[in-house]
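For what it's worth, the numbering used here labels the leading residue of the sequence shown as 603, then goes sequentially.
All C-beta atoms, glycine included, are put in the ideal place defined by N, C-alpha and C.
Owing to the predicted nature of the structure, the values given are computational and were not obtained by experimental measurement.
These notes are about the structure you will find just below.
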Amino acid sequence: MNRRVVIVGGGYGGTLVAKSLDAEADVTVIDPREAFYNASASLRALTRPDWAHNAVFPLENLLDHGKVIHDRAVSVDPEGVTLASGERVEADYIVLATGSGYTYPAKPRETSTSIAQQMEDLRATHQELARAGRVLILGAGPVGLELAGEIKDVWPDKQVIMVDRAVELLPGFLPEVVGELHRQLDELGIQVRLGAGLKALPTIGSGQAGRFVVTTDHGEEIVADIWFQAFGVRIATGYLTDGKLLTLTGRGTIPVTDRLNVQGYEHVYAIGDIIAHADPKMASYAMVQAEVVVKNLRAQLAGDRPGAVHTPASERRILLPLGTRTGVGQLPAAGGIAAATPEMVYQRKGADLFTARFATRFGGGRSLQIESGRAS
Ligand SMILES: Cc1cc2nc3c(=O)[nH]c(=O)nc-3n(C[C@H](O)[C@H](O)[C@H](O)COP(=O)(O)OP(=O)(O)OC[C@H]3O[C@@H](n4cnc5c(N)ncnc54)[C@H](O)[C@@H]3O)c2cc1C
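This is the structure in structure tokens:
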């Protein structure tokens, strides 16, 4: 009988492990969502609702042999997983890959688990955004910057102002990348206030249209018609706080070994945003880690010693499109890292925001068929 590999979380890392081992093990993926959500595409999904279906890939299309359980893990112990429904899923091997949440619309609302609801949320917020002339974005990290770029791509005449307490954009990246980013933001007419916070948040909810005034702690008044929160990653490890498997770090992350085992267990692994690791919290690193876990699990399934180790990334990479026409990036190059040209950013990410890559993982073809404007 095939060994049972239970993967908690069907995101970037979890779906890669599941797909890779589908033919060799009895694979089960647990995730409350109906579909894998490609967060890289979420901001364009907001500004172009007719394109939004490209961000979602039904989990039902992932596996030929294994199964998907649409439920939330509420506890994990060395023998298996307990679900919110009370159901128990016993496991020979467990992979924890529950990632992180981020304020909607950068990631779906936690309660919006169906594709139809996610598309409905985006349509509703799009309508709010469409009627707002002035947009305030709180947070000028990659998420806020991509949101600003996508908005300007669709509505060049909207006023977009970003506010961030940080004193520089993309700290730690090459000066020429940061310089080019400032140049492109100026060209697009995106205003950035750095080293500035707000005295109080807008009185109206994030993503809802309605005129408001806020004051920065430098005393500047900003009038806008809608605002978005673009900060605040929430590590999704609440189901481990009962301590039945491990003790989380002070940051709520999972201590792992260099083979990506949860410390103390050779049959339990953890990958992606949830691990206590020097890798940046990015999908690209979650997928590199997933490949290490696949190698180790393959060895164990074959009765061999697992030998693949993961070393933290030494270079910092990024692809940051500002809409479909421009963007900045930094990629590994001979002898280190180098700035990417806007054409490279477009070709590698900006054109389709990785849709083609995930279409392959989820059985090829389009991510989701849309009929009469409804997700199906
Ligand atoms: C707007 C935006 C753009 C981004 N763009 C990029 C990019 O271009 N490149 C890049 O490398 N990174 C990007 N990132 C970061 C990237 O999205 C994260 O690093 C990535 O999602 C982490 O992947 P993961 O596999 O750890 O988990 P996730 O992809 O977060 O998936 C976790 C899954 O676990 C599920 N889950 C959570 N809790 C439970 C539970 N208790 N039980 C069962 N299932 C659960 C969730 O529903 C989810 O499906 C972006 C992030 C945002 C917000």
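Whole-Å CB distance - residue i paired with residue j, under 8 Å assumed
| i | j | result |
| --- | --- | --- |
| VAL816 | ALA798 | Incorrect: roughly 11 Å between the Cβ atoms, too far for contact. |
| GLY611 | ASP633 | 6 Å |
| PRO707 | LEU648 | 5 Å |
| VAL765 | LEU740 | 6 Å |
| GLY931 | GLU917 | Actually they do not touch by this definition, with Cβ atoms about 13 Å apart. |
| GLY743 | PHE830 | That belief does not hold up - the Cβ atoms of GLY743 and PHE830 are roughly 12 Å apart, past 8 Å. |
| VAL858 | ALA878 | 7 Å |
| ALA641 | LYS709 | 5 Å |
| ARG646 | GLU752 | 5 Å |
| ARG836 | GLY703 | 4 Å |
| ALA625 | ALA643 | With a Cβ gap of about 28 Å, ALA625 and ALA643 do not count as contacting. |
Residues bridged to residue i [DSSP beta-bridge criterion]
| i | result |
| --- | --- |
| GLU692 | GLY682 |
| ALA910 | Answer by DSSP bridge pairing: none, since ALA910 is not bridged. |
| LEU740 | VAL765, GLN831 |
| ASP628 | ARG606 |
| GLN932 | ILE920, ALA941 |
| ARG836 | GLY703 |
| LEU800 | THR818 |
| LEU698 | VAL610, ALA872 |
| PRO857 | ALA878 |
DSSP-derived helix/strand/coil call for residue i
| i | result |
| --- | --- |
| ASP881 | coil |
| THR926 | coil |
| GLN810 | coil |
| GLN949 | helix |
| ALA620 | helix |
| ILE671 | strand |
| SER677 | strand |
| THR943 | coil |
| GLU823 | strand |
| PHE659 | strand |
| TYR704 | coil |
| TYR887 | helix |
| ARG635 | coil |
| LEU921 | strand |
| ARG795 | strand |
| TYR867 | coil |
| ARG733 | coil |
| ARG976 | For ARG976, the predicted model reports a pLDDT of 31, less than 50, meaning its position is unreliable and no value from the coordinates is stated. |
| PRO777 | helix |
| LEU842 | helix |
| THR805 | coil |
| LEU790 | helix |
| PHE956 | coil |
| ARG650 | coil |
| THR727 | helix |
| SER714 | coil |
| SER687 | coil |
Between the CA atoms of residue j and residue i - distance to the nearest angstrom
| i | j | result |
| --- | --- | --- |
| ILE856 | GLY701 | 11 Å |
| LEU664 | LYS754 | 35 Å |
| LEU618 | LEU933 | 23 Å |
| LEU661 | ALA675 | 17 Å |
| VAL670 | ALA888 | 20 Å |
| TYR614 | VAL794 | 31 Å |
| VAL779 | GLU689 | 50 Å |
| PRO804 | ALA826 | 10 Å |
| GLY874 | ALA880 | 11 Å |
| LYS897 | ARG861 | 10 Å |
| LEU842 | GLY791 | 45 Å |
| GLN786 | THR928 | 8 Å |
| TYR590 | MET721 | Outside the shown range of the chain, which is 603 to 978, sits residue 590, and nothing can be said about it. |
| GLN761 | LEU772 | 22 Å |
| ARG725 | ALA961 | 23 Å |
| ARG733 | VAL678 | 46 Å |
| VAL769 | GLY925 | 24 Å |
| GLU945 | GLY952 | 9 Å |
| LEU922 | VAL947 | 7 Å |
| SER969 | ALA872 | Low per-residue confidence applies at SER969: pLDDT is 46, beneath 50, and the placement is therefore not dependable, though the value from the model is reported in the following sentence. Their backbone Cα atoms lie some 27 Å apart in a straight line. |
| GLY967 | GLU712 | Summary for GLY967: the model assigns pLDDT 45, below 50, so the residue's position carries little reliability; its value from the coordinates is reported in the next sentence. Rounded to whole angstroms, GLY967 to GLU712 spans 27 Å at the Cα level. |
| ALA847 | LEU685 | The sequence given here has Leu at residue 847, not Ala. Their Cα atoms are separated by approximately 15 Å. |
| LEU783 | PHE956 | 21 Å |
| VAL697 | THR839 | 13 Å |
| ARG959 | PHE775 | 26 Å |
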